[in-house]
Amino acid sequence: MPLELEKVIRSTVNWPPSVWGDQFLSYNQEEDLSGLEKEVEKLKEELRKEISETLNVATQHTNLLKLIDAIERLGVAYYFEDDIAQVLRHFYDAYGDHWKGDGVSIWFRLMRQHGYYVSSDIFRNYKDKDGAFKEPLENDIQGLLDLYEATYLRVPGEITLDDALAYTKTRLNDIAKDPLISNPILSSHIQEVLARPVHKTLPRLEALRYIPFYQQLASRNESLLKLAKLGFNLLQSLHKKELCQISMWWKGYNVPTNLSYARNRLVECYFWALGVYIEPQYSQSRMFVAKILAVATLLDDTYDAYGTYEELEKFTEAINRWSIASLEGLPEQMKLIYQMLVNIYEDMEGVLKKMGKAHHLNYIREAMMEYIGCYLTEAKWANERYIPPVEEHQEVRVVSSGYKFTLIASFAAMGDIITDETFKWALTMPPLAKSCCVLCRTMDDLVTREDEQERMHVASGIQCYMKEYDVSDEQHVHDLFTNKVEEAWKELNKESLTCKDVVELPIIMLVINLARVMDVLYKNKDHFTYVGHELMNHIKCLLVDAIAT
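Numbered according to our numbering, the sequence shown spans residues 24 to 572.
Right, dumping it as structure tokens:
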């Protein structure tokens, strides 16, 4: 029997409109890129030669370490993946846990970033017998910066690095404010890294931050600096083209008019996907994930506010059956979202068929069904004004937030590094994925709870905790959840080091990048929903403005 739609009173939210309009609907390649590509290739070969020539010269290993660090921070590591892997393997074989050169903090951070579980005991040498950090470090600005960055690779129980983080934060903050010690460029750089360290920064944003700083260094490698600028612009051209393509797809559904109750955040969803992976070979994957995230946002607003529980039950059943016939009697808005989902999957099915991996779509659908099912559970909670226990809340909210689904969807079309075993591994929610998803969900809870309470949505994790443990001080619980995020980062670091024999490094980095995206979009406020100057600036720098060369 058709639902009586005319009697439905809907709870909707007046979300801010998209700040971008139709800006990305056109893509004009302003120059012939062939000359740029040839110059990039020349610079790459020049740097590869430099890496190769210094690899077997032990006295040059500190300089080589710093070169690798600069390559990564300048955003061109994807050009040198094999070279970097060879260098770090050589370093590990030669030195193990006992690096012999300068730049201990850089060595430690790079080794851990690449899956080598080197010991942090080497940092005990930074303290005196009373446990205080030694005086020479106090005014070594570069040493403090390097140690500060290294601390973010710590795992649970590394007290020395916990102490080092507190110490370097305080000292660097003092230095940044002292005009007698630091100049404006250095002060600005210190403040930026204090706000977001390298390990929590998306590689593409780190490149934008580090290029002007590196340019001021007397020790800069001119070829590398030039490659960083040219490479940034060359890759940006591809990213612009991708965003144009998905913008035309989105425009075809006229989302702002047809789904006026939902957030129109396609550009921000592309930024999200771009945060997960930037490499050219993942172009199809990136556009797929951007579309999935955009439709997931529509689903979020449909389940949270627009649909009645009765409608949502039927809508969920239709998606589970993958049957448009099951949508009869539902609002046109839900039919449109369903059609968008079908369109996305059909397009990816065509891509995967050419790769001989069409069956991979079944794993992604399985994750989607779980995700949609948890959405319905949340809708039931909201309908019944039920505040679940903390553990039950987390179990459902982690999945319904879509972070697990996003992770699994990101594997589509990534090539031979993705196997059936990769999908099966992720679907079981292994510790690496779980720590990432808990981190994401907790950050989301911290900044969206007030909005959700105002529209009487499902209780936030903070509300559940306050009820279960009979706590009245919301700020105290907020602080507990903030600490929970930092502990999740430590767990994520540990799991990234211990699962390298199960999945390959690109998969591990994909998970870490998903956490990094959250740090950009949900730190201190919901930048995704309420797009302000900070996120707009990120998107303009990545997808509008080229770097002057």
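Think of the CB as a built atom: it goes at the ideal place given N, C-alpha and C, for glycine as much as any other residue.
| Check | Outcome |
| --- | --- |
| Proximity to residue 166 [Cα-Cα], best of 130, 137, 447 and 185 | 130 |
| Residue of 158, 216, 527 and 505 minimising C-alpha distance to residue 546 | 505 |
| Span of the alpha helix (DSSP H), counted from its first residue to its last, around residue 130 | 127-136 |
| Cβ-based neighbour list, residue 47, same chain, cut-off 8 Å, excluding 5 preceding and 5 following | 263, 266, 267, 270, 290 and 566 |
| Which listed residue (301, 278 and 255) has its alpha carbon closest to that of residue 225 | 301 |
| Length of the line joining the Cα atoms of residue 42 and residue 525 | 42 Å |
| Alpha-carbon spacing of residue 464 relative to residue 411, whole angstroms | 16 Å |
| Inter-residue spacing [alpha-carbon to alpha-carbon] between residue 339 and residue 497 | 34 Å |
| Residue burial classification, residue 555 (beta-carbon count within 10 angstroms, cutoff 16) | exposed |
| Residue 172 vs residue 143 beta-carbon contact at 8 Å | no |
| Endpoints, the alpha helix (DSSP H) within which residue 398 is located | 383-407 |
| Reference residue 133; option with closest CA among 170, 389 and 285 | 170 |
| Proximity of residue 564 and residue 231 at Cβ, strictly below 8 Å | yes |
| Close Cβ partners of residue 316 (< 7 Å) along its chain, the five nearest in sequence each way excluded | 292, 295, 296 and 429 |
| Strand pairing of residue 150, partner residues [DSSP] | 156 |
| For residue 39 and residue 551, the rounded distance between their alpha carbons | 11 Å |
| Under the three-state DSSP convention, the category residue 522 falls into | coil |
| For residue 222, the three-state DSSP class (helix, strand or coil) | helix |
| Reduced DSSP category for residue 559 - H, G, I as helix; E, B as strand; rest coil | helix |
| Alpha-carbon to alpha-carbon, residue 149 and residue 157 | 6 Å |
| Selected residue, minimal CA-CA separation from residue 424, among 178, 102 and 466 | 466 |
| Helix, strand or coil at residue 571 according to DSSP, with G and I counted as helix | coil |
| Distance cut-off 7 Å: residue 563 Cβ against heavy atoms of the ligand HEM | Ligands are entirely absent from the displayed structure, and the ligand HEM is therefore not among its contents. |
| Proximity to residue 183 [Cα-Cα], best of 154, 98 and 436 | 154 |
| Whether residue 62 touches residue 195 by CB criterion (8 Å) | no |
| Classification of residue 304 by the beta-carbon crowding that lies within 10 angstroms, buried from 16 upward | exposed |
| Own chain, CB closer than 7 Å to residue 97, minus 5 neighbours either side, in chain order | 230, 233, 234, 237, 247 and 251 |
| 8 Å contact criterion, which residue 427 and residue 402 should meet: CB distance rounded | No, residue 427 and residue 402 are not in contact; Cβ-Cβ is about 19 Å, not under 8 Å. |
| Status (buried if at least 16 other CB within 10 Å, exposed otherwise) for residue 511 | buried |
| Minimum C-alpha distance to residue 88 - residue among 352, 118 and 281 | 118 |
| Whole-angstrom distance between residue 442 and residue 449, CA atom to CA atom | 11 Å |
| Own chain, CB closer than 8 Å to residue 190, minus 5 neighbours either side, in chain order | 156 |
| Delimiting residues of the alpha helix (DSSP H) encompassing residue 367 | 355-378 |
| Segment limits, alpha helix (DSSP H) that includes residue 426 | 426-432 |
| The segment 354-370 touching the segment 415-424, judged by at least three CB pairs closer than 8 Å | no |
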